[in-house]
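Read left to right, the sequence shown gives residues -21 to -1, 1 to 877 (mature numbering (1 follows the signal peptide of the UniProt record, and there is no 0)). Worksheet: the structure to be examined is printed underneath.
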Amino acid sequence: MMKGVSVGVGLLGLLLACVTTAPTDKNRDWDIYSFHINSTVTSRYATTIITSRVANRIDQSQEIEFHVKIPKNAFISKFKMTIEGQTYDGVVKQKEEAQQQYTQAVSRGQSAGIVSSVGRTLEEFKTSVTVAALSKVTFELTYEELLKRRMGKYELLIHARPMQPVADFKIDVYINERPGIHFLEITGGLSTKALANAITKTHASSEAWVHFYPSKELQSQCESCGEQGLNGDLVITYDVHRKTSMGDLHESEGYFVHHFAPSDLPRIPKNLVFIIDRSGSMHGRKMEQTREALLKILGDLAEDDHFGLITFDSSVSTWRKELLPANQDNLEAAKSFARNIHERGATDINAAVLEGTAMLNRHPQGGSVSLLILLTDGDPTTGETNLEKIHKNIKEAIGKKFPLYCLGFGMDVNFDFLEKMALENSGVGRRIYTDSDAALQLQGFYEEVATPLLTDVQMIYLGGANLTQTNFSQYYNGSEIVVAGQIPDNNIEMFTAEVIAISKSNRVMYSDTLPKEEPIEARSDSHIQRLWAYLTVKQLLDKEVQLSGKEKEKVKKEALDLCMKYSFVTPFTSMVVTKPQGEDSQVAHKPKEGEKPIRSSRVISGSRLQVLKHQVNSHPAMAVQDAYENAPQRGDRGKGIMSRVGLMRRTNDHAVQKSFPDFAMASLDFNDPPRARATKTTMRTTTTTVSPLRRFLLPAEGQALPLCYDIPVALSLRLLLDPNNELSMNGQLGQSASAGYRKIVIHYRSDQHIELDTTGITFNDEQNTTYFSWSPKINHKTDSVSLILRDKEMDVTIASTRVVIMLYKRNGIKFLWPVLRQRPTGDNIIGIMAHPPVAYEEVQGITMKLKIRDKEVDVSRDSAVDLSVRSTPTVACWLMPLQSALQGELADFTITQL
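Encoded structure:
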């Protein structure tokens, strides 16, 4: 790789550019001279192309970065770079094949770059390339998605933040809907005040055009803009005409799509049971927001609805044993109950959902629709804790009679478990993000299912083949059912569509045939075929989650074949980003919901730690700490270089440990195997041994990236101290740079002690000493302590605290990893794992800074492997000194005895 600088280019929203520095035009070494976003929507299927053209303005080569974010529901289908007339295309491969290519590159010390992550609605694509002196590069990314109708409208979101004013900046949106466009609105921060004058909208029957062409000067002068240019949303909302209840049936080149969304139907009364988690982990803002949302939802129930409330921790409580009508007296009593829901205890999901199921089964079903809604933020920790058995129990109890909707609160919830349970029972899983609008998220979900219009919907297509899902348990007002398929031999004369469903009081039937002649449309003839492929893959992904064994592999192969044919980047495929000869390829994966981003680190060959100080510390660990205290935490945009004071290090095998709600730890591994290293001083030549470092990661409140800081290995640390409950947990780090804790000890009151090491677990209550190996499954309980051992994970619940301690083996070394699942309640909780999420603001400038508690701190972007989950994803973080992250000294968190 030629010597150079790393800069970032891109767009956030549907499109985002993230750059850590923002030099002015006068001193910027690179220039985005053109940035175009072109989105075409036909039959609600959107294809978006982002094109960025960048010039290297200096007389030496430098690395130019392309960084965008796209909707989570979208599939990347094409990427290419053009440099000096030569085009380099991304190639979609089976994920395992691409992963092998990535692993081999990493093992050679190259930057292979798996570059994806998940936020609330967006995921990230990033790549870079070295551009020769005074040359240009063009990046082009294409992605596709089917717009989903919610609350009576489709929404196309564009969030623009190119990080500099761009001379040729354009957003063009073209919408073509055969039934006709009913309404079209443009909102968002980029449509306000002066910027509104840069928007033109044309709406003519079945077509609409939206153009956003702000001048370079305007990009710096708007309310949310500055020297870095645009920063805000452009939201395009629309709906289509529905001239018949049958909806819109459309065919092209042997494929069809049917959009079905009738609204002229009477509302069906609901039988609704809310199952609310009140375990200790719901403490604080989560429970406040849950109560707030529940009170609003209860107020929206119709008088002919029936409802029930269930709360649960280690026990299950019902407001009333039976469902009651939603009259004024019952609603007031229910609201009083909701106001007094308080968190406590463990989490028995199995018993709670079974009780809700029994309540609905006892209630008469005629002429109504039944729904179960579960809200939880944790894993099952008491009662039945085997996830497979819980799935089996719930599926058998519901018996396809009504849907179960699972809402997972926060990022620590086992979302895979909840999603599978929902999908197996005709529902959906939805994550509720622990932000200030969590109550609105809960209310928004309820509004989507508040008005059922049809049940037992069957979509029948005579003359159709290879159909997507055709049976739906319910249809709700404001939503839409979409079915696509093939028409063999394009025989549209023999094709007939029928819909059979149950309305409030009777059975309804609709039928239609394909129109013989269609109006001329400016559209791609292949869009319906690609819509069919997209929808088929999406549904196969949901189906694969529910299956096992040979059936699972069969569905996975079917999805994989389609992904390869249509070049979709999905959880089963990846895109290998090819580059000019001599540069490393990169691999883009489609991440899973809730999975932490996997990022690459630039390896600095031959790096070592050099500490420049006036004295040599006698303690090796303090030498490292002093280096970080005196070195500003800024660097080469996450490539592992920290400039100034001669401090340089590289990240290689970062290991992460989670706490509440997202605590992490990582090792900082030098080029050589872990061993003592020489430390030089400017005063005299002295050799001092320096320990390798572990990296800890602290969650951020309402921000995508957490904070991280480093601690030397082999120290004994205070992990948690809860004086209110006489509980403490301490851990001793191992000697290896690539491992975690060698021993963890938990003390409860003065008479109960749990000691864990890599060979086993010892529980001592002063009367008896019980020893467990890590092999069998254990469920050991006393009056105040619960120990559940399964799959190399010890789940410990004491009072209101729950911690899971995981056993790992990496590179031949066994070690322990603690994960705090439920934080102690009360005040005066201290220890490394006790820190709640940190609120910060990004301060843009020549160097990247964060503002924490009214103080600005230099940071650099880095990464670490998250061992709090078995999939061990990698997370990105803002690296800073320990003192800034923890608001204390290292000595405040070290102990002499476990």
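No residue lacks a Cβ here, since even glycine has one placed at the ideal position from N, Cα and C.
Under 8 Å between C-beta atoms of residue i and residue j
i	j	result
residue 253	residue 303	no
residue 69	residue 556	yes
residue 712	residue 673	yes
residue 402	residue 351	no
residue 198	residue 145	yes
residue 161	residue 218	yes
residue 515	residue 54	no
residue 861	residue 869	yes
residue 783	residue 764	no
residue 173	residue 181	no
residue 47	residue 558	no
residue 375	residue 342	no
residue 794	residue 849	no
residue 704	residue 807	no
residue 257	residue 216	no
residue 305	residue 281	yes
Residue i versus residue j - alpha carbon distance
i	j	result
residue 756	residue 340	34 Å
residue 906	residue 222	Since the displayed the chain opens at -21 and closes at 877, residue 906 lies outside it and no answer follows.
residue 74	residue 552	4 Å
residue 311	residue 277	9 Å
residue 61	residue 116	6 Å
residue 867	residue 733	28 Å
residue 193	residue 12	14 Å
residue 264	residue 754	38 Å
residue 411	residue 390	9 Å
residue 484	residue 430	15 Å
residue 175	residue 142	20 Å
residue 791	residue 766	27 Å
Delimiting residues of the beta strand (DSSP E) encompassing residue i
i	result
residue 183	178 to 183
residue 560	First-last for residue 560: undefined, no H or E at that position.
residue 103	101 to 110
residue 709	706 to 712
residue 720	720 to 727
residue 515	Element bounds for residue 515: not the beta strand (DSSP E) but the alpha helix (DSSP H), 506 to 525.
residue 279	Careful: residue 279 lies outside any beta strand (DSSP E), inside the alpha helix (DSSP H) at 264 to 279.
residue 39	Run containing residue 39: none; DSSP gives neither H nor E here.
residue 487	486 to 492
residue 775	772 to 777
residue 569	Counting along the chain, residue 569 falls outside any beta strand (DSSP E), and DSSP gives it neither H nor E.
residue 695	695 to 701
Pick from the options that is closest to residue i, judged by C-alpha positions
i	options	result
residue 803	13, 698 and 126	698
residue 106	706, 718, 191 and 567	567
residue 487	479, 494 and 493	479
residue 135	239, 782 and 23	23
residue 293	111, 327, 301 and 163	327
residue 361	512, 329 and 224	329
residue 333	41, 377 and 357	377
residue 387	381, 398 and 445	398
residue 214	358, 104 and 189	189
residue 436	426, 405 and 427	405
residue 126	79, 538, 21 and 103	21
residue 714	706, 694 and 512	694
Residue i - containing alpha helix (DSSP H), residue span
i	result
residue 542	528 to 545
residue 352	Premise fails: residue 352 lies in the beta strand (DSSP E), 348 to 355, not in any alpha helix (DSSP H).
residue 867	Per DSSP, residue 867 belongs to no alpha helix (DSSP H) and is neither H nor E.
residue 315	307 to 318
residue 341	328 to 341
residue 373	366 to 377
residue 423	417 to 428
is_contact[residue i, chain C] using C-beta, thresh 8 Å
i	result
residue 707	In the structure shown, chain C does not exist; there is a single protein chain.
*Do three or more CB pairs link the stretch 236 to 244 to the stretch 317 to 327 at distances below 8 Å?*
Taking 8 Å as the limit for Cβ pairs, the verdict is that the stretch 317 to 327 does not touch the stretch 236 to 244.
_Stretch pair the stretch 719 to 729 + the stretch 822 to 834: three plus CB contacts closer than 8 Å_ = no
*For the stretch 103 to 123 and the stretch 200 to 208, state whether three or more C-beta atom pairs, one from each stretch, are separated by less than 8 Å.*
no
*Validate contact between the stretch 159 to 175 and the stretch 30 to 38 using beta carbons, cut 8 Å, 3 pairs*: no
*Cβ contact check for the stretch 227 to 236 and the stretch 452 to 468: 3 or more pairs under 8 Å*: yes
*asked:* Measuring CB atoms only, is the stretch 671 to 690 touching the stretch 848 to 860, in the sense that at least three cross pairs come out at less than 8 Å?
replied: Yes, the stretch 671 to 690 touches the stretch 848 to 860.
*asked:* Counting beta carbon pairs with one atom in the stretch 264 to 272 and one in the stretch 411 to 429, are three or more of them shorter than 8 Å?
replied: yes
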